[in-house]
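Working notes for the structure below.
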Amino acid sequence: MTGFSDGAQAMALVGFSAVAAVTLLLCVMTGPDRDDLAEFYTGYSSLSPMRNGLAIAGDYISAATVLGTGGVIALFGFDGVVLALSTALSLLLLMFLMAEPLRNAGRFTMGDVLARQTPGRGVRITACAVTIAALLPMMLVQLAGTGQLMSFLLGFSGETLRTGCVIGVGALMISYAAIGGMKGTALIQILKIVMLLGSGAVVTVLLLYRFHWNPGALFAAARNSGAGQAFLHPGLEYAAGPRPGLDMLSSQLAVVLGGACLPHVTMRMYTAAGARQARRSMSWAVSLVALFVLVVTVVGFGATALVGRETVAATDAAGNSAYLLGSRAAFGTDVTMVETVLFTTVGTAMFLTLLASVAGMILACANSLAHDVFAQRARALSPRREMTLARLSAVAVGIPAIALATLVQHRSLQPLATLSFCLGASALCPALVYSLFWRRYTRTGLLCTLIGGSLAVFALLPGTSLVSGTPVAAFPDADFAWFPFTTTALVSVPAGFLAGWLGTLASGRRRTEEQRRRYEAGEAELLAGAVRSAG
């Protein structure tokens, strides 16, 4: 039992409807003109560092991150806290290592960054393909989670209603991306992060109050909820595997290297007015993500302490309901109208998180498809036509995502989220590091990195226990697992870097020297914070 009253469910439905109407109106009001590419792709880089930082944090903290991380904390304690800290560390690495070079190298898309030193249609098409391959699984997770969230909060269980929620919300997300562009989706991300962290902070305070402001008492209560001392020690989540220590390392590697390299996060670097503003934006984003880590840790432990680990697992095997159950338990049994309103705010914030997350991912895919594929094919493509193609691309990406989400909504979604992070860590991270910092990196090396890293992930992931062989796998009735880890990063990340190195060596000395001279000619602009040229 979740304990949601009829009044709370009715108020949640009103909150969802209000958020959908207000955010769509914001997109319409802030949408770019039909021929203004710079406004559509970057919002004229007009956001202040604080607002851009809020938007970056909003893109980075997806609904899968909130619900999934909260669930891992509630079910596995210490392992979940490490996962949350890895999330913050990923963004910290992006801030210190790649934020400014990304801002200087890119214009609109990931393809712009990668093609800066190694131009060519092949590079851009491959970058677009990897962008879509990395973000589509995460979109499916968010869209399928929409039906689960709304059925959980509103109390319905019919498959038809769930599918209707996925289709309706998916259509709304496509509208956000197609109408609002970068500025419109940024405003939604800002509203989302304010609501999410604001409501989360209130829940955190209430939970600490219930334990007399003693975090130790909260952790002790959680420890005594079924798992014993193992709850506060590493390895509980991976105990069933043959090599739990290496499995945990592989999972954290995927999150740290993959999370911040996903294209819907890196595209926010191009909206900063300059390299210094990009660094300041990232400072705001890291601070907000650190606050999120604190909130989700307290709420996750609170769910285990007050609701029970068994109840959390029974409600959802992956623990995705833990954040909402912990929030609901924070108000106690005698729920007043004020507390009902506060919990409705939590549910509405989660609904808005789903909306904003997929809108940003659809926009990143649509921008790449229009700018890196169609615009490069037609040399004299007018700005108005390119923007029309970008909006049509949002529809072309969104409709298949909605259709696939309706098919996978009844299966475990963890393999899809893992696929996105592993592709980010194994293909996009090596390609960005080499492109931004290796003077001799060639076009062949770049293509080998993107293709080799992606193929390694696609070859290894079906053999993990996330896909088959366990009751919580995507195919629980089958068992074709052969890979000893739940993520591929420990093997696929070195494979991505190795493929790029071997591809560059295979290019020959003459080609690598040409690339070195090309890199050194623009090195000051890339690394020293020079202003990006317009056009």
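Mind the numbering: the sequence shown is residues 1 to 535 in full-length UniProt numbering, read in order. Built from N, CA and C at the ideal position, the CB exists for glycine as well.
Could you compute how far the alpha carbon of Val256 sits from the alpha carbon of Ser86? 6 Å
Taking DSSP as the reference, what is the three-state secondary structure of Ser492? helix
Take Met1 and list the residues in its own chain whose beta-carbon comes closer than 8 Å to its own, dropping the five residues that flank it on each side. With a pLDDT of only 42 at Met1, under the threshold of 50, the placement of this residue in the model should not be trusted; the figure read from the coordinates follows. Taken in chain order, the list of residues that qualify is empty.
So, are the CB atoms of Phe475 and Ser468 less than 8 Å apart? Taking 8 Å as the cut-off, the Cβ atoms of Phe475 and Ser468 count as close.
Could you have a look at Arg516 and say whether DSSP puts it in helix, strand or coil? helix
Helix, strand or coil at Ser426 according to DSSP, with G and I counted as helix: Looking at Ser426 - three-state DSSP - the assignment turns out to be helix.
Distance between beta carbons of Thr418 and Ala318, contact taken as under 8 Å: No, Ala318 and Thr418 are not in contact; Cβ-Cβ is about 12 Å, not under 8 Å.
Does Ser62 come out as helix, strand or coil in the three-state DSSP assignment? coil
Where Cys27 and Val395 are concerned, what is the direct C-alpha to C-alpha distance, given to the nearest angstrom? 16 Å
Asp479 burial status per 10 Å Cβ neighbour count (16 or more: buried): exposed
Which value, in whole angstroms, describes the spacing of the CA atoms of Val66 and Ala285? 16 Å
Check for me: the alpha helix (DSSP H) holding Tyr323 runs from which residue to which? Ala322 to Ala329
Between which residues of its own chain and Val373 is the CB-CB distance below 8 Å, once the five residues before and five after are set aside? Arg124, Ile125 and Cys128
I'd like to check one pair, Gly522 with Val445: are the Cβ atoms closer than 8 Å? Checking the sequence, you will find Gly at residue 445 rather than Val. No; because the gap between Cβ atoms is not below 8 Å, this pair is not in contact.
Measure the alpha-carbon distance for Phe421 versus Leu306 and round it to whole angstroms. 32 Å
Can you tell me whether DSSP reads Val298 as helix, strand or coil? helix
Nearest residue (CA-CA) to Met11, options Ala330, Thr345 and Ser435: Thr345
Which whole-angstrom value describes the C-beta separation of Glu100 and Ala275, a residue pair presumed to lie in contact below a C-beta threshold of 8 Å? 4 Å
Phe437 to Gly424 span [Cα, whole Å]: A direct Cα-to-Cα measurement between Phe437 and Gly424 gives close to 18 Å.
Leaving out the 5 sequence neighbours to the left and right, which residues in its chain are closer than 7 Å to Val202 when beta-carbon positions are compared? Leu342
Closest to Leu249 by C-alpha separation, out of Ser327, Thr486, Leu355 and Pro400, would be which residue? Thr486
So, Phe63 versus Gln142, is the Cβ gap smaller than 8 Å? The sequence shown places Ala at residue 63, rather than the Phe named in the question. Gln142 sits close to Ala63, with the two beta carbons spaced by under 8 Å.
Using the three-state DSSP reduction, which class does Phe475 fall into: helix, strand or coil? strand
Whole-angstrom distance between Leu460 and Tyr441, CA atom to CA atom: If I take the Cα positions, the gap works out to 27 Å.
Let's see if you can read the secondary structure: which residues bound the alpha helix (DSSP H) around Val256? Pro244 to Gly258
Counted within 10 angstroms of its Cβ, other Cβ atoms place Leu94 as buried (16 or more) or exposed: buried
Per-residue burial, Leu407 [other beta carbons within 10 Å of its own, 16 or more giving buried]: exposed
Looking at the ligand MN, does it come within less than 7 Å of Thr146, judged from the CB to the closest heavy atom? Among the ligands in the structure shown, none appear at all, so the ligand MN cannot be discussed.
If we call anything under 8 Å between Cβ atoms a contact, is Gly453 one with Pro430? yes
Distance check for Phe219 and Val298, CA to CA, integer angstroms please. 9 Å
Measure from the alpha carbon of Arg443 to the alpha carbon of each residue in Gly360, Arg162 and Pro119, then state which is nearest. Pro119
Between the C-alpha atoms of Gly300 and Pro383, what's the straight-line distance to the nearest angstrom? 48 Å
From Leu294 to Phe156, what does the alpha carbon distance come to, in whole angstroms? 32 Å
Among the residues of its own chain, which have a CB less than 7 Å from the CB of residue 554, if the five just before and after it don't count? This structure cannot speak to residue 554, because the chain is shown only from 1 to 535.
What is the residue span of the alpha helix (DSSP H) that Gly226 lies within? Neither: Gly226 is in no alpha helix (DSSP H) and is coded neither H nor E.
Tell me the rounded alpha-carbon separation between Ile179 and Leu187. C-alpha of Ile179 to C-alpha of Leu187: approximately 13 Å in a straight line.
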